[in-house]
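Colleague: Below you will find the structure I want to go over with you.
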Amino acid sequence: MKPTTTLLCTLLAVGSTLTAATAAQPPYKDSSLPVESRVRDLMSRMTLQEKVDQLNMKSLNALQTDARGNVTDSSLNALFGGRSIGSLESPFVEHDKVAAYSEAADRYLREHTRLGIPAIQIAECLHGQMALGATIFPQAIGLGSTWNPELIQQMAAVIAEEASLSGVDQALSPLFDLARDPRYGRVEECYGEDPYLVSRMGVAFVTGMQGDPAQTRHGLAEGKLACTGKHFVAYSVPEAGINLAPALVGERNLRELHFPPFEAAVKEANLYSLMPGYHEVDGIPVHASRQLLTDILRGEWGFDGYVFSDYGAIGMLDQFHRTARDKGESAVQAITAGVDLEAPGRYAYGELERLVEEGTLPEAVIDTAVARVLRAKFKMGLFDRPYSKPAGLARKVHLPASVALSQRIAEESIVLLKNDNATLPLAKESLRSIAVIGPNADKVQFGDYSVTKNNDYGTTVLQGIRDYVGDRITVRYAEGCGITELSKEGFAEAMQAARESDVVVLVLGGTSVIYSGIGWGDPNSKEANTCGEGYDRNELGFPGVQAELLDSIVAQGKPVVLVMVNGRPYTVGQQIDRVDAALEAWYPGERGGHAVTRILFGDVNPSGRLSVTFPPTTGHIPMYANYKPSAKGYYHQRGSVEKPGRDYVFSAPDPLFCFGYGLSYTTFEYSDLKIDNRLDTPDRCVEVSCRLKNTGSRAGAEVAQPYLHDVVSSVTTPVRALKGFRKVQLQPGEEQEIRLTIPEKELMLWNKEMRQVLEPGEFEIHVGRSCQDTPLRGTFTASQQRCADDTNTL
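Just so we're aligned: the sequence shown equals residues -6 to 787 in my numbering.
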């Protein structure tokens, strides 16, 4: 045979092999095909059992490793049994172990199940991946207090990168709940009380974690995670502040306040997944509400992702809410409402196969849910990017830049509440000694949905101060008391440390549950948790004997700086009145001690602003900035103990610290308000501008906040409602023009017919540094009525 003939035969043989291989590959594995084509092809090949498997979840915590750290085949077989699964719970272990488990599970599902369908690995990523070794950022309530969406977007991108390196595909975050009742333990997981602020922070988080929405509508890039918006909807305003209690809200309240952050996440950020709350709204558990999960979420907003149940929530329909008689009926209620996947295990949805076979449930209902889950898997790239543990993984996470970002966010989240006589910043040149006292002085507090509370993973305030001052300043430490313990045995040592020092930094507050979740907790912790999921409070003073410790320290006659490390607003007006300066540090992440220290000594000028209102007493709750005209009483005879009155007899309905409040080491001046009304132009917006000047001697950041008041409206509207904000860094003497755009939709209300409209009439704009401190005021007029759309009905 001639060489050319041999070559031709060889090429033909290779071509035949490639054609056969291509023909053998089913369309759903062809990445060049549209997602919908791949979904249809895969579903056409699936049995009913395989479909139902996609609507359930298993936990990688069930896997075991051998002496060499390899995941055992026996544990893989025991977990999967040759069948695929919709999603997997990421284990709460070291970051590299998560990667090892991920690789083993992903390989098994691809190679040892009939269709090779990979699973979505789910992880908690509220303020960092919940795995040892990942970067720990400040808790969400601190993130909201930065008023800096750009930082939150950067943070979410870091979390996505770290988590995806370990095989995670989807985050159970962020929260779009409004923090309007500080008794509720999960307030710390919320960005704030205001729907506009929460919308901006939440959209920034989703964009950072998922990527540019223009891209994510087609698919997620490598290094990105799908987000899960939660807890839909009004979960954070439970009756009496008790977790899982009914939300006493009506349709207008939902549309004005609780819907907007979720709607923004769906429409602006292309949210991939959504989690309903455990609670009920208007007598119907949300996991059984077709109105909320289908009519509103999908019908009105066009959500095309999948709905992921909260852990154990479908079982609560028969076990807790009593709207179903058994788990089969719970399954029917949930899946017909629009819940696509049951977590954390197969309880109610384990009945779906039987329900279809006996004719109780049409298979088409199963197909709809399965298609949503598979669509998400294809868009996440799971079929096309098998996971393998990267080489040198430990060198790719917890990078210096990520840790530095955590510290910067902490520095911008800390709020200066009081600073009498310029107590802060501390004079490091003349200071000889400092007492660091309190139960949280030498304890890290990261907040719930953290994997640890061990000091090895973060910096305490005490350590931060010691690192900063070195041997130049004497540092005396005394715990004083426990967080919740009633013993005062440590008071004497603390008082002595205070007497012998020039100034006292008193670090008080709370502690939150870790491994948070229903039925979870830390059995080895000796501390009583005071905040976090399921840790609600009926009063909001300092826990234990901390207030008495404060009184004892103040009595020593030295300047006292109070630093609060906690997860919710406290009713501590009397205590703050007694100290010279006060900082709200929230749970400031792994570099929190350094962040607090740099603010104490003036290396950083505090720029945090409260994202929640601080009530004076628990009896003042609920209390928030965008209240209605009748909310502060009618008589306006503010009472006190010395002079009783009305609206309350012995108090006033005013906050201890208002929304948007925060002091600085410098001063800012607002001037020259201008309002450019473009409502009758194609822009359909109002442009607001003003001049902002740093009139002090230090560089600092100010948060300019415009508030809107609809002077006369057909339904009641807030006295002042936040409609924008801008954080601006200015040098001493520097002046800038601040421009803020208020879109037409932000001026609309839900009228008597429950239609979203812009009503003609006068509007007021107030601009300033908090909801109660707005030195600039102007007006504009809407000349014609406009409707958002005609489809909004429950």
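All C-beta atoms, glycine included, are put in the ideal place defined by N, C-alpha and C.
Just so you know, these numbers come straight off a predicted model, no measurement behind them.
Check whether the region 388 to 404 and the region 585 to 596 are in contact - that is, three or more C-beta pairs closer than 8 Å.
Modeller: Yes, the region 388 to 404 is in contact with the region 585 to 596.
Colleague: Measuring alpha carbon to alpha carbon, tell me which of V760, R492, S644 and Q539 ends up nearest A548.
Modeller: Your numbering for residue 548 matches position 555 in the sequence shown. Comparing Cα-Cα distances from A548 to each of V760, R492, S644 and Q539, the minimum goes to R492.
Colleague: Hey, how far is the Cα of C780 from the Cα of M747?
Modeller: The count along the sequence shown starts at 1 and reaches residue 780 at position 787. The count along the sequence shown starts at 1 and reaches residue 747 at position 754. Straight-line Cα distance between these residues: approximately 11 Å.
Colleague: Where does I129 sit, in a helix, a strand or coil, going by DSSP?
Modeller: Start at 1 with the first residue of the sequence shown, and residue 129 comes out as number 136. Looking at I129 - three-state DSSP - the assignment turns out to be coil, as it is neither helix nor strand.
Colleague: What is the rounded straight-line gap between the Cα of L715 and the Cα of F255?
Modeller: Counting from 1 along the sequence shown, the entry for residue 715 is found at position 722. Counting from 1 along the sequence shown, the entry for residue 255 is found at position 262. Cα to Cα, L715 sits roughly 17 Å from F255.
Colleague: Could you tell me which uninterrupted alpha helix (DSSP H) segments, each at least 4 residues in length, are contained entirely in the region 133 to 196, listed from first to last along the chain?
Modeller: Complete alpha helix (DSSP H) runs here, min 4: 133 to 138 and 142 to 158.
Colleague: Does the separation of the CB atoms of G109 and K217 fall below 9 Å?
Modeller: Along the sequence shown, one-based indexing puts residue 109 at 116. Along the sequence shown, one-based indexing puts residue 217 at 224. No. Outside cutoff.
Colleague: Are H391 and A153 touching if we call contact CB-CB under 9 Å?
Modeller: Here residue 391 corresponds to residue number 398 of the sequence shown, with the count starting at 1. Here residue 153 corresponds to residue number 160 of the sequence shown, with the count starting at 1. Their beta carbons are not under 9 Å apart, which means H391 does not touch A153 by this criterion.
Colleague: Helix, strand or coil for A624? Go by DSSP, reduced to three states.
Modeller: Locating residue 624 in the sequence shown gives position 631, where the first residue counts as 1. DSSP places A624 in the coil class of the three-state scheme, outside both helix and strand.
Colleague: Starting from the C-beta of A578, find all residues in its chain whose C-beta is less than 7 Å away, skip the five residues before and the five after it, and write them out in chain order.
Modeller: Residue mapping note: residue 578 aligns to position 585 of the sequence shown, counting from 1. I407, V556, M557, V558, G585 and V589.
Colleague: On the DSSP bridge assignment, give the partners of S52 in chain order.
Modeller: For the purposes of this step, residue 52 is taken as the residue at position 59 of the sequence shown. Answer is E82.
Colleague: Taking F756 and L701 to be in contact with their CB atoms under 8 Å, please state how far apart those CB atoms are, rounded to whole angstroms.
Modeller: Against the sequence shown, residue 756 aligns to sequence position 763. Against the sequence shown, residue 701 aligns to sequence position 708. L701 and F756 do touch by the CB rule: their CB atoms are close to 6 Å apart, below 8 Å.
Colleague: Which of helix, strand or coil does DSSP assign to A471?
Modeller: Reading the sequence shown from its first residue, position 478 is the one you call residue 471. A471: strand per DSSP, three-state reduction.
Colleague: Tell me the residue span of the alpha helix (DSSP H) that contains H88.
Modeller: By 1-based counting over the sequence shown, the position of residue 88 is 95. Taken as a continuous stretch (DSSP letters only), the alpha helix (DSSP H) holding H88 covers H88 to E104.
Colleague: Cα separation between T287 and E322?
Modeller: Counting from one through the sequence shown, the residue named residue 287 turns up at place 294. Counting from one through the sequence shown, the residue named residue 322 turns up at place 329. Going by the C-alpha atoms only, they are around 19 Å apart.
Colleague: Please classify G222: does DSSP put it in a helix, a strand, or coil?
Modeller: Position 229 of the sequence shown, counting from 1, holds the residue named residue 222. Note: G222 maps to strand in three-state DSSP.
Colleague: Throw me the rounded Cβ distance for the A330 and Y342 pair, which I believe falls under 8 Å.
Modeller: Taking the sequence shown and counting its residues from 1, the one referred to as residue 330 is at position 337. Taking the sequence shown and counting its residues from 1, the one referred to as residue 342 is at position 349. Rounded, the Cβ-Cβ distance is 13 Å, inconsistent with contact.
Colleague: Name the DSSP bridge partner or partners of V760?
Modeller: Mapped onto the sequence shown, residue 760 falls at position 767. Answer by DSSP bridge pairing, in chain order: P699 and L769.
Colleague: If you follow the beta strand (DSSP E) that A665 is in, where does it begin and where does it stop?
Modeller: Numbered from 1 along the sequence shown, position 672 holds the residue referred to as residue 665. Correcting the residue identity first, residue 665 is Asp in this sequence and not Ala. F661 to N670 is the span of the beta strand (DSSP E), which, as asked, contains D665.
Colleague: Report the rounded CA-to-CA distance for G717 versus D59, giving the unit in angstroms.
Modeller: Your numbering for residue 717 matches position 724 in the sequence shown. Your numbering for residue 59 matches position 66 in the sequence shown. Their backbone Cα atoms lie some 55 Å apart in a straight line.
Colleague: Please return the same chain residues whose Cβ sits closer than 7 Å to the Cβ of V538, not counting the five positions on each side in sequence.
Modeller: As a working note, residue 538 is residue 545 in the sequence shown. Correct list, in chain order: C474, L479 and K481.
Colleague: Quick check on DSSP: helix, strand or coil for I458?
Modeller: In the sequence shown, counting from the first residue as 1, residue 458 sits at position 465. I458: helix per DSSP, three-state reduction.
Colleague: Considering K44, what are the terminal residues of the alpha helix (DSSP H) in which it resides?
Modeller: For this step, residue 44 is matched to residue 51 along the sequence shown. Per DSSP, K44 belongs to the alpha helix (DSSP H) from L41 to D46.
Colleague: Is the CB-CB distance between E680 and T734 below 9 Å?
Modeller: Along the sequence shown, read from residue 1 onward, the residue named residue 680 stands at position 687. Along the sequence shown, read from residue 1 onward, the residue named residue 734 stands at position 741. In contact: E680 and T734 (Cβ atoms closer than 9 Å).
Colleague: Looking only at its own chain, which residues have a Cβ that is under 8 Å from the Cβ of E249, when we skip the five neighbours before and after it?
Modeller: Within the sequence shown, the letter at position 256 stands for residue 249. Contacts found: P188, L742 and W743.
Colleague: F296 by DSSP, collapsed to three states: which one?
Modeller: The residue you call residue 296 lines up with position 303 of the sequence shown. Correct three-state label for F296: coil.
Colleague: Runs of 3 residues minimum, wholly inside the region 580 to 630: which ones carry the beta strand (DSSP E) assignment?
Modeller: none
Colleague: Within the chosen definition, does the region 91 to 103 reach the region 39 to 57 through at least 3 CB pairs nearer than 8 Å?
Modeller: In the pairwise beta carbon analysis, the region 91 to 103 is classified as touching the region 39 to 57: at least three pairs are separated by under 8 Å.
Colleague: Please classify Q778 as buried or exposed, where buried requires at least 16 other C-beta atoms within 10 Å of its C-beta.
Modeller: Position 785 of the sequence shown holds residue 778. Q778 is exposed by the Cβ-count criterion.
Colleague: Pop quiz: A306 and I328 are said to be a contact at Cβ under 8 Å. What is the actual Cβ separation, rounded to whole angstroms?
Modeller: Mapped onto the sequence shown, residue 306 falls at position 313. Mapped onto the sequence shown, residue 328 falls at position 335. That belief does not hold up - the Cβ atoms of A306 and I328 are roughly 13 Å apart, past 8 Å.
Colleague: Have a look at R762, S682, L375 and M39 and flag the residue whose alpha-carbon is nearest the alpha-carbon of G771.
Modeller: For the purposes of this step, residue 771 is taken as residue 778 along the sequence shown, with counting starting at 1. Answer by Cα proximity: S682.
Colleague: Please list the terminal residues of the continuous alpha helix (DSSP H) segment that includes E486.
Modeller: In the sequence shown, residue 486 corresponds to position 493, counting from 1. Run containing E486: F484 to R492, per the alpha helix (DSSP H) assignment.
Colleague: What three-state label does DSSP hand R639 in the structure shown?
Modeller: Translated into positions along the sequence shown, residue 639 becomes position 646. Residue state, collapsed to three classes: strand.
Colleague: Please work out which residues of its chain come closer than 8 Å, Cβ to Cβ, to T467, disregarding the five sequence neighbours upstream and downstream, and give them in chain order.
Modeller: As a position in the sequence shown, residue 467 is number 474, starting the count at 1. Sequence-distant partners of T467 (beyond 5 residues in either direction) whose C-beta falls short of 8 Å from its own C-beta, in its chain, are R425, S426, I427 and S494.
Colleague: Starting from S682, trace the beta strand (DSSP E) in both directions and tell me its first and last residue.
Modeller: The residue you call residue 682 lines up with position 689 of the sequence shown. Element bounds for S682: C678 to N687.
Colleague: Are the Cβ atoms of V279 and L247 separated by less than 9 Å?
Modeller: Indexing the sequence shown from 1 puts residue 279 at position 286. Indexing the sequence shown from 1 puts residue 247 at position 254. The beta carbons of V279 and L247 sit no closer together than 9 Å.
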